[in-house]
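Colleague:
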Amino acid sequence: MDVEDITDLMLKFKDAIRHSWNTYFAENDSPMSPEIQEAFGYVELGLFQAIVLSPLDADKRAKEYRKHPLSFILVRPIEHLLELPIQFGERESSGNVKWTMPISVVVDNQARIEFFDFFDWRPYGHVDLPLVRARIAALPSKPSEQGALALIEQHNCRFLFVKHGT
Numbered sequence: 090m091d092v093e094d095i096t097d098l099m100l101k102f103k104d105a106i107r108h109s110w111n112t113y114f115a116e117n118d119s120p121m122s123p124e125i126q127e128a129f130g131y132v133e134l135g136l137f138q139a140i141v142l143s144p145l146d147a148d149k150r151a152k153e154y155r156k157h158p159l160s161f162i163l164v165r166p167i168e169h170l171l172e173l174p175i176q177f178g179e180r181e182s183s184g185n186v187k188w189t190m191p192i193s194v195v196v197d198n199q200a201r202i203e204f205f206d207f208f209d210w211r212p213y214g215h216v217d218l219p220l221v222r223a224r225i226a227a228l229p230s231k232p233s234e235q236g237a238l239a240l241i242e243q244h245n246c247r248f249l250f251v252k253h254g255t
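In structure tokens:
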């Protein structure tokens with residue numbers, strides 16, 4: 090699989106959306122309103138396209154962001170980290186997600202953890218986005234979690250772009 094490390098681009102993107110939300114949207118009288126959420130969604134999508142995808146000549150993939158996990162952006166542990174603490178999530182019949190406590194899991198090159206977005210437990214206030222939300226497409230060390238949602242502390246992550254045609 091031909092991949093490129095895009096951790097720096099992803100962290101610039103995270104900083105840009107965090108700053109944009111905290112500076113221009115969170116202080117609004119009703120940050121939870123559909124209008125504010127929609128407006129921020131456009132800003133976030135534009136920043137993703139400009140900061141992450143444009144340098145990779147992958148602009149056309151922007152429409153996939155936050156629609157489903159991105160199979161072309163993989164989450165891997167930072168160098169020298171042998172196990173990655175992951176919270177696994179299961180969607181309940183109510184639509185809510187029930188999260189486990191973090192479990193340390195071996196993540197090797199056979200694992201496929203697909204990026205979804207940066208996450209904060211308090212999305213309508215001041216955010217720091219300390220977590221990465223993802224989907225486990227394959228995890229040989231814990232095959233029972235294939236297809237599960239995952240939360241991973243961002244400081245433990247690096248991001249790889251799967252180049253077209255691989």
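Read in our numbering, the sequence shown has 238 at position 149, and its numbers run on one by one without any break. For glycine and all other residues, C-beta sits at the position ideal for the given N, C-alpha and C. Here the structure is a predicted model, which is why all the values come from computation and not from measurement.
1) So, using beta-carbon positions, are Val-164 and Ile-95 closer together than 8 Å?
2) Does Gly-178 pass the burial test, meaning 16 or more other C-beta atoms within 10 Å, or should it be called exposed?
3) Are the CB atoms of Ala-147 and Leu-134 within a distance shorter than 8 Å?
4) Using the beta-carbon count (16 or more within 10 Å), is Leu-249 buried or exposed?
5) Taking buried to mean at least 16 other C-beta atoms within 10 Å of its own C-beta, is Trp-210 buried or exposed?
6) Mapping DSSP to helix, strand and coil, what is Lys-152?
7) If you run the structure through DSSP and keep just helix, strand and coil, what is Pro-191?
8) Just how far apart, CA to CA, sit Asn-111 and Val-216?
9) Going by DSSP, which residues form a beta bridge with Gln-176?
Modeller: In brief:
1) no
2) buried
3) no
4) buried
5) exposed
6) helix
7) coil
8) 7 Å
9) Leu-240
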